[in-house]
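Chains as they are written, first to last, in the working numbering: chain A, 1 to 239; chain B, 240 to 350.
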């Protein structure tokens, strides 16, 4: 059987497209894996330093979400996040939260939810050690925000006004202490483990894996399409 | 039902499978594009947990449509371009309905 140059070119193109589709399938497989990790229950101990599981120049890794973290720095700015949903037992309510920008050594920063907004700003000077749980950034607005308010707790909202390199996500503080070990008290909110609300998401991504890999297989068959048609019809075919 | 000629008889099984899957894929695409995706991204995120089955089912059954369309195209001796378009029709709302109607028209015209 003589193989034409045209057929070889078709085959090379098909292989390249097929590799791309396999890559897209692998990408969906990785996303399915990430979703699985996000849904897993992660033991709350040991507490880990924020810098060990996150960096200021990248998105929050799925396995960093829900981790209990500790971080030290100085509070720089105060914001308020109005109408944030708060669940206490079976009760759901909307509260205004106090959010502060914590500056870390190395010109970096992270948003810290301290607790429920109080009438007077609590002045916190000097280094603070914060313990809390790490959460991914919020993606939907809770309300319309005015100056000094955050419509959602998302570092992207303050990136233009801060010179700090911001960490993705935010921390809900469960305790704060000064560098002398003195605890700072405020109206804290609970920091439960975040659970995915979308059941079946893992299988959704797996289904896309099958689709992409099937497409890759079909693309590989494309150069042989005409000969398959010939075999089907038992002779020369129209194209 | 009228008598099928030999070419129609040879294509009948693949054609029936393709028609069923084209209509199914069309319905699923409509649900996905006009109910599931708007609910997830525009309207009310929490409601998506009750509708996630749409994208899940569509994802797992679309390969069946692809295989049915591919088999039909081989049997019907379609060009490669037509085959690709027919496969992609399963991803867009309405498009697979149009593809199904065209296939029926071509099937009836076979002699």
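C-beta: ideal position from N, C-alpha, C; glycine also.
Please state whether DSSP places residue i in a helix, a strand or coil.
i: residue 251 of chain B; result: helix
i: residue 82 of chain A; result: strand
i: residue 177 of chain A; result: strand
i: residue 73 of chain A; result: strand
i: residue 149 of chain A; result: strand
i: residue 101 of chain A; result: strand
i: residue 130 of chain A; result: strand
i: residue 48 of chain A; result: strand
i: residue 158 of chain A; result: coil
i: residue 184 of chain A; result: strand
i: residue 120 of chain A; result: coil
i: residue 207 of chain A; result: helix
i: residue 144 of chain A; result: coil
i: residue 335 of chain B; result: helix
i: residue 243 of chain B; result: coil
i: residue 313 of chain B; result: helix
i: residue 34 of chain A; result: helix
i: residue 55 of chain A; result: coil
i: residue 193 of chain A; result: coil
On the CB-based measure, 16 or more other CB atoms within 10 Å of its CB, does residue i come out buried or exposed?
i: residue 189 of chain A; result: buried
i: residue 156 of chain A; result: exposed
i: residue 208 of chain A; result: buried
i: residue 223 of chain A; result: buried
i: residue 172 of chain A; result: buried
i: residue 304 of chain B; result: buried
i: residue 345 of chain B; result: exposed
i: residue 16 of chain A; result: exposed
i: residue 255 of chain A; result: What the structure shows of chain A is the stretch from 1 to 239, and residue 255 of chain A is not part of that stretch, so it cannot be assessed.
i: residue 289 of chain B; result: exposed
i: residue 117 of chain A; result: buried
i: residue 8 of chain A; result: exposed
i: residue 21 of chain A; result: buried
Going by DSSP, name the residue or residues bridged to residue i.
i: residue 170 of chain A; result: A/111 and A/135
i: residue 93 of chain A; result: A/86
i: residue 68 of chain A; result: A/133
i: residue 165 of chain A; result: A/108
Determine the direct distance from the alpha carbon of residue j to that of residue i, and round the result to whole angstroms.
i: residue 167 of chain A; j: residue 105 of chain A; result: 13 Å
i: residue 246 of chain B; j: residue 350 of chain B; result: 7 Å
i: residue 203 of chain A; j: residue 295 of chain B; result: 7 Å
i: residue 271 of chain B; j: residue 256 of chain B; result: 22 Å
i: residue 162 of chain A; j: residue 103 of chain A; result: 10 Å
i: residue 108 of chain A; j: residue 133 of chain A; result: 18 Å
i: residue 240 of chain A; j: residue 37 of chain A; result: The displayed coordinates of chain A run from 1 to 239. Any statement about residue 240 of chain A would go beyond what the structure contains.
i: residue 206 of chain A; j: residue 193 of chain A; result: 25 Å
i: residue 214 of chain A; j: residue 13 of chain A; result: 17 Å
i: residue 293 of chain B; j: residue 301 of chain B; result: 12 Å
i: residue 250 of chain B; j: residue 342 of chain B; result: 11 Å
i: residue 328 of chain B; j: residue 210 of chain A; result: 18 Å
i: residue 146 of chain A; j: residue 321 of chain B; result: 55 Å
i: residue 198 of chain A; j: residue 183 of chain A; result: The pLDDT assigned to residue 198 of chain A is 48, lower than 50, so where the model puts this residue is not dependable; a value taken from the coordinates is nonetheless given after this. If I take the Cα positions, the gap works out to 38 Å.
i: residue 140 of chain A; j: residue 319 of chain B; result: 44 Å
i: residue 120 of chain A; j: residue 83 of chain A; result: 18 Å
i: residue 164 of chain A; j: residue 148 of chain A; result: 17 Å
i: residue 5 of chain A; j: residue 25 of chain A; result: 30 Å
i: residue 179 of chain A; j: residue 124 of chain A; result: 11 Å
i: residue 248 of chain B; j: residue 195 of chain A; result: 55 Å
i: residue 58 of chain A; j: residue 80 of chain A; result: 25 Å
i: residue 181 of chain A; j: residue 70 of chain A; result: 14 Å
i: residue 113 of chain A; j: residue 324 of chain B; result: 52 Å
i: residue 127 of chain A; j: residue 76 of chain A; result: 11 Å
i: residue 159 of chain A; j: residue 314 of chain B; result: 58 Å
i: residue 339 of chain B; j: residue 23 of chain A; result: 31 Å
Counting only beta-carbon separations shorter than 8 Å, does residue i have a partner in chain D?
i: residue 298 of chain B; result: No chain D appears in the structure shown, which is made up of the protein chains A and B.
With respect to 7 Å, is the separation between the Cβ of residue i and the closest non-hydrogen atom of the ligand FMN below this value?
i: residue 274 of chain B; result: Questions concerning the ligand FMN fall outside what the structure shown contains, since it holds no ligand whatsoever.
Determine, using beta-carbon pairs with one atom in the stretch 79 to 95 of chain A and one in the stretch 27 to 35 of chain A, whether at least three such pairs fall under 8 Å. Here the stretch 79 to 95 of chain A makes no contact with the stretch 27 to 35 of chain A; the two share fewer than three CB pairs at distances below 8 Å.
Answer yes if the stretch 324 to 344 of chain B comes into contact with the stretch 261 to 281 of chain B, meaning at least three C-beta pairs across the two stretches below 8 Å, and no otherwise. Taking 8 Å as the limit for Cβ pairs, the verdict is that the stretch 324 to 344 of chain B does touch the stretch 261 to 281 of chain B.
For the stretch 120 to 137 of chain A against the stretch 172 to 184 of chain A, do three or more pairs of beta-carbon atoms, one drawn from each stretch, fall closer than 8 Å, so that the two count as touching? Yes: at least three Cβ pairs fall under 8 Å.
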